[in-house]
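Have a look at the structure below, then the notes.
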Amino acid sequence: QQQVKQSPQSLIVQKGGISIINCAYENTAFDYFPWYQQFPGKGPALLIAIRPDVSEKKEGRFTISFNKSAKQFSLHIMDSQPGDSATYFCAAVNNQGGKLIFGQGTELSVKP
Amino acid sequence: NAGVTQTPKFQVLKTGQSMTLQCAQDMNHNSMYWYRQDPGMGLRLIYYSASEGTTDKGEVPNGYNVSRLNKREFSLRLESAAPSQTSVYFCASSPQGRGTEAFFGQGTRLTVV
Numbered sequence: 003q004q005q006v007k008q009s010p011q012s013l014i015v016q017k018g019g020i021s022i023i024n025c026a027y028e029n030t031a032f033d034y035f036p037w038y039q040q041f042p043g044k045g046p047a048l049l050i051a052i053r054p055d056v057s058e059k060k061e062g063r064f065t066i067s068f069n070k071s072a073k074q075f076s077l078h079i080m081d082s083q084p085g086d087s088a089t090y091f092c093a094a095v096n097n098q099g100g101k102l103i104f105g106q107g108t109e110l111s112v113k114p
Numbered sequence: 005n006a007g008v009t010q011t012p013k014f015q016v017l018k019t020g021q022s023m024t025l026q027c028a029q030d031m032n033h034n035s036m037y038w039y040r041q042d043p044g045m046g047l048r049l050i051y052y053s054a055s056e057g058t059t060d061k062g063e064v065p066n067g068y069n070v071s072r073l074n075k076r077e078f079s080l081r082l083e084s085a086a087p088s089q090t091s092v093y094f095c096a097s098s099p100q101g102r103g104t105e106a107f108f109g110q111g112t113r114l115t116v117v
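Residue numbers (our numbering), protein chains in the order written: chain L, 3 to 114; chain P, 5 to 117.
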């Protein structure tokens, strides 16, 4: 079963718009929630991460919002740019073993 | 500083053949991972090693074996390849399991015919 569920599978946004990607999890043992960015032909790279004791974290144009009671978290990309076009993965780490589990990924395309 | 190095980058196997995917990291990380990436399925964890000498099954371990040869190297073996194992395989490492960045290799694109 998919422990981390991500939506949408694909997203098209106009340049300057806001991109929003959502994730949900069931396992309350997760205690670290990173987002990874992947460009074609490359391995994923860490973009931004949050711990569940914080409701929001912002780094430049990228913001994570975290709702612990709903077991949901989301990535917001403000002022989206064509260079942001990539696949984005949410993930969660299990504090009982350290396994890093990923969502299904979202392919983002930002149109000029 | 090479980071995480995977070999080979591309491979075509016939059904039933065996092969080993190699992964090495030079960052002195304790944890290492093997993932497979398939369209619409995201990155699924095959096996995980928290430290030298330990391995643990992930979400999709069937048909695979791993060896944590030493702190640097973590190999993935397909004993009898099947078309369902056609995928892109990624190796990753992190300083420790929790709360730290995982670094990924460039991937191995495997096709089983």
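C-beta atoms are modelled at their ideal positions from N, C-alpha and C, and glycine is treated no differently.
Contacts with chain L at 7 Å (Cβ-Cβ) include residue 109 of chain P. Taking 9 Å as the cut-off between beta carbons, the residues of the stretch 44-64 of chain P near chain L are 44, 45, 46, 47, 48, 49, 52, 54, 60, 62, 63, in sequence order.
DSSP assignment within the stretch 21-85 of chain L yields the following whole beta strand (DSSP E) runs of 3 residues or more, N-terminal first: 21-27, 32-40, 47-52, 58-61, 64-69, 74-79.
For the 7 Å CB-CB criterion, residue 93 of chain L and residue 27 of chain L do not form a contact. By the C-beta density criterion, residue 12 of chain P is exposed, having fewer than 16 other C-beta atoms within 10 angstroms.
For residue 111 of chain P, the CB contacts under 8 Å within the same chain, skipping 5 residues up- and downstream, are 10, 13, 41, 92, 93, 94 in chain order. DSSP places residue 11 of chain L outside both helix and strand once states are collapsed to three, so it counts as coil. Annotated three-state conformation of residue 89 of chain P is helix, per DSSP. For the set P:89, P:52, P:63, P:51, the Cα lying nearest the Cα of residue 22 of chain P is the one of P:89. Apart from the 5 residues on each side of it in sequence, residue 65 of chain P sits with its Cβ closer than 7 Å to the Cβ of 50, 51 in its chain, given in chain order. Against residue 94 of chain P, the close residues of chain L are 45, in the order they occur along the chain (beta-carbon pairs closer than 7 Å).
Within the same chain, 37, 38, 39, 64 come within 7 Å of residue 49 of chain L by CB-CB distance, once the 5 residues on both sides are set aside. As the crow flies, the alpha-carbon of residue 45 of chain L is around 21 Å from that of residue 54 of chain P.
In this structure, DSSP gives residue 46 of chain P an extended state, which the three-state scheme calls strand. Rounded to the nearest whole angstrom, the C-alpha separation of residue 87 of chain P and residue 43 of chain P is 15 Å.
Against chain L, the CB of residue 105 of chain P has a partner CB under 7 Å away; the residue lies at that interface. Across the set L:29, L:34, L:110, the C-alpha of L:110 shows the shortest separation from the C-alpha of residue 83 of chain L. The shortest C-alpha to C-alpha distance from residue 6 of chain P to any of P:115, P:114, P:116, P:109 is the one to P:109. Around the beta-carbon of residue 53 of chain L, fewer than 16 other beta-carbon atoms lie within 10 Å, marking it exposed. The distance from the Cβ of residue 24 of chain L to that of residue 74 of chain L is about 7 Å, consistent with a contact at the 8 Å cut-off. The C-alpha of residue 41 of chain L is placed about 28 Å away from the C-alpha of residue 85 of chain P. Residue 106 of chain P is positioned such that its CB atom lies no closer than 7 Å to that of residue 77 of chain L.
Not a single C-beta of chain P is nearer than 7 Å to the C-beta of residue 49 of chain L.
By the CB criterion at 7 Å, residue 24 of chain P and residue 81 of chain P fall inside the cutoff.
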